[in-house]
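Undergrad:
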Amino acid sequence: MQKTSSRLLALLSLLQTHRDWSGDDLAERLDVTPRTVRRDIDRLRELGYRILAFKGPAGGYRLDAGSLLPPLLFDEGQAVALAVALQTAATSTAIGEDAARALSTMRQVMPSRLRRRIDMLQVTAVRSPEAGKATVGTQLLTELSRVIQAREELRFDYGHDANGPAGQPRRTQPHHLVTWRGHWYLIAWDLDRDDWRTFRVDRVRPRTPTGPRFTRRGLPGDDVAAFVTGRFRGTDGSTTDWPCRGEVVLGLPAQAVAPFVQDGIVEELGPDRCRLTLGSWSWTGLAAAVGRFDTDIQVIGPPQLTSAFGVLAVRYANAGGGASET
Numbered sequence: 008m009q010k011t012s013s014r015l016l017a018l019l020s021l022l023q024t025h026r027d028w029s030g031d032d033l034a035e036r037l038d039v040t041p042r043t044v045r046r047d048i049d050r051l052r053e054l055g056y057r058i059l060a061f062k063g064p065a066g067g068y069r070l071d072a073g074s075l076l077p078p079l080l081f082d083e084g085q086a087v088a089l090a091v092a093l094q095t096a097a098t099s100t101a102i103g104e105d106a107a108r109a110l111s112t113m114r115q116v117m118p119s120r121l122r123r124r125i126d127m128l129q130v131t132a133v134r135s136p137e138a139g140k141a142t143v144g145t146q147l148l149t150e151l152s153r154v155i156q157a158r159e160e161l162r163f164d165y166g167h168d169a170n171g172p173a174g175q176p177r178r179t180q181p182h183h184l185v186t187w188r189g190h191w192y193l194i195a196w197d198l199d200r201d202d203w204r205t206f207r208v209d210r211v212r213p214r215t216p217t218g219p220r221f222t223r224r225g226l227p228g229d230d231v232a233a234f235v236t237g238r239f240r241g242t243d244g245s246t247t248d249w250p251c252r253g254e255v256v257l258g259l260p261a262q263a264v265a266p267f268v269q270d271g272i273v274e275e276l277g278p279d280r281c282r283l284t285l286g287s288w289s290w291t292g293l294a295a296a297v298g299r300f301d302t303d304i305q306v307i308g309p310p311q312l313t314s315a316f317g318v319l320a321v322r323y324a325n326a327g328g329g330a331s332e333t
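Counting along the sequence shown from 1, when you hit position 199 you're at 206 in this note's numbering, and nothing is skipped either side.
1) With a threshold of 8 angstroms, are at least 3 pairs of Cβ atoms found where one atom belongs to the region 41-53 and the other to the region 84-92?
2) Just how far apart, CA to CA, sit Pro181 and Ser289?
3) CA-CA distance, Leu151 and Trp196?
4) Would you list the residues sitting across from His190 in a DSSP beta bridge?
5) In angstroms, rounded to a whole number, what distance separates the CA positions of Val318 and Pro250?
6) Would you mind sorting Met117 into buried or exposed? The rule is 16 or more other CB atoms within 10 Å of its CB.
7) Is it true that the region 224-237 meets the region 262-272, where meeting means three or more beta-carbon pairs spaced less than 8 angstroms apart?
8) How many whole angstroms separate the CB atoms of Leu293 and Ala261, which I take to be in contact at a CB cut-off of 8 angstroms?
9) Which class does Met8 belong to by DSSP, given the choice of helix, strand or coil?
10) Rounding to the nearest angstrom, what Cα-Cα distance links Gly308 and Trp203 in this structure?
11) Within the same chain, show all residues whose beta-carbon is closer than 8 angstroms to that of Ile186, passing over the 5 residues directly before and after it, in chain order.
12) Distance check for Thr179 and Asp201, CA to CA, integer angstroms please.
13) Can you check DSSP and say which residues form a bridge with Pro181?
14) For Arg120 versus Phe163, is the C-beta distance shorter than 7 angstroms?
15) Hey, could you find the ends of the beta strand (DSSP E) Ala60 is sitting in?
16) I'd like the list of long-range same chain contacts for Phe300, defined as Cβ closer than 7 angstroms, with 5 residues on each side in sequence excluded.
17) Provide the residue(s) that pair with Arg212 in DSSP beta bridges, ordered along the chain.
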């Protein structure tokens, strides 16, 4: 027989499926007597759950919406925030289904006034096409989180696809789980490379058992968000600044450029001219990013950006077979 606490959770889970249950059916599902079911129903009522009883040959029960959200005791602002978070998380490849079920369960036990507010607040979170191809299971996220909290060394095979070939073996001291633009990443100290690394979780295949416990070292800059941002910008993670930044003047109106430069700075110089300040992980990468605008380009600086345009000019000419206008 289940312990009382786990049995109460199991009973509450059955009642939250939003259907009428007879006492005998509940007793059979929980493998207890109808008398035990009645006592457990009383315990849930004492916790604040409104459980209605209805008459019949064996009697029955139904979970009704309550005046509070026991035993979590959310206020209205917290309940609305949770509903928005769950709607947003419903697009996740890892927890999307669980988030949708959690939102449905929470909605069922809300008081009608609060439920109407939630129903009016419909949020559509659009999943990026790239994230849709990378599936991460909740079991993997839970295991990685456990190892991080336990500060145990983690060995895993790292490949292009976690469902494909084994990939390269890695030995790490895991530090943090993060999400970045629709993907899950594991931040860890790579023991064989003696450096910090960022691993796509959908490409991680953990090995068992885990390794010995370790003393956690600090991230460069001691800021997880700044570290991840910096790493994806080509730095060591101690700063979020782009390693290469330059200025150009484009022969386009500012409103035609601004939507396509993300964290760049666009200054209007006239009806058909603007100044663009932009960063990138390399000078050639910066020159290529600016070159995608179909217009004349005047380089303001620095000299490295001018040189990068020269390098790209030669490279593109070679790619085009050395063809020239006639």
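For glycine and all other residues, C-beta sits at the position ideal for the given N, C-alpha and C.
Just so we're clear, the structure is a prediction, and the values are computed from it rather than from any experiment.
TA: Once the coordinates are examined:
1) no
2) The residue you call residue 181 lines up with position 174 of the sequence shown. The residue you call residue 289 lines up with position 282 of the sequence shown. When rounded, the distance between both Cα atoms is 29 angstroms.
3) Counting from one through the sequence shown, the residue named residue 151 turns up at place 144. Counting from one through the sequence shown, the residue named residue 196 turns up at place 189. Taking the straight line joining both Cα atoms gives about 14 angstroms.
4) Walking along the sequence shown from the start, residue 190 turns up at place 183. BP columns for His190 point to Trp187.
5) In the sequence shown, the residue the question calls residue 318 occupies position 311. In the sequence shown, the residue the question calls residue 250 occupies position 243. So the alpha carbons of these two residues sit roughly 19 angstroms apart.
6) As a working mapping, residue 117 is identified with position 110 in the sequence shown. It is buried - the Cβ of Met117 has at least 16 other Cβ atoms within 10 Å.
7) no
8) Mapped onto the sequence shown, residue 293 falls at position 286. Mapped onto the sequence shown, residue 261 falls at position 254. Contact doesn't hold; Cβ gap of about 19 angstroms is too wide.
9) Counting from one through the sequence shown, the residue named residue 8 turns up at place 1. Since pLDDT at Met8 reaches only 45, below the 50 mark, its modelled position is unreliable, and the value read off the structure follows with that caveat. Three-state DSSP puts Met8 in coil, outside helix and strand.
10) Along the sequence shown, one-based indexing puts residue 308 at 301. Along the sequence shown, one-based indexing puts residue 203 at 196. Approximately 33 angstroms, taken between the alpha carbons.
11) The sequence position of residue 186 within the sequence shown is 179, counting from 1. Correcting the residue identity first, residue 186 is Thr in this sequence and not Ile. Closer than 8 angstroms at Cβ, skipping near neighbours: Tyr192.
12) Counted from its first residue, the sequence shown places residue 201 at position 194. Counted from its first residue, the sequence shown places residue 179 at position 172. Computed Cα separation, rounded: 9 angstroms.
13) Translated into positions along the sequence shown, residue 181 becomes position 174. Paired residue(s): Ala195.
14) In the sequence shown, the residue the question calls residue 120 occupies position 113. In the sequence shown, the residue the question calls residue 163 occupies position 156. No, the Cβ-Cβ distance between Arg120 and Phe163 is not below 7 angstroms.
15) Here residue 60 is taken as the residue at index 53 of the sequence shown, counted from 1. That run of the beta strand (DSSP E) goes 58-61.
16) Position 293 of the sequence shown, counted from the start, is the residue given in the question as residue 300. So the qualifying residues of the chain are Leu257, Leu259, Val264.
17) In the sequence shown, residue 212 corresponds to position 205, counting from 1. Answer is Asp164, bridged to Arg212.
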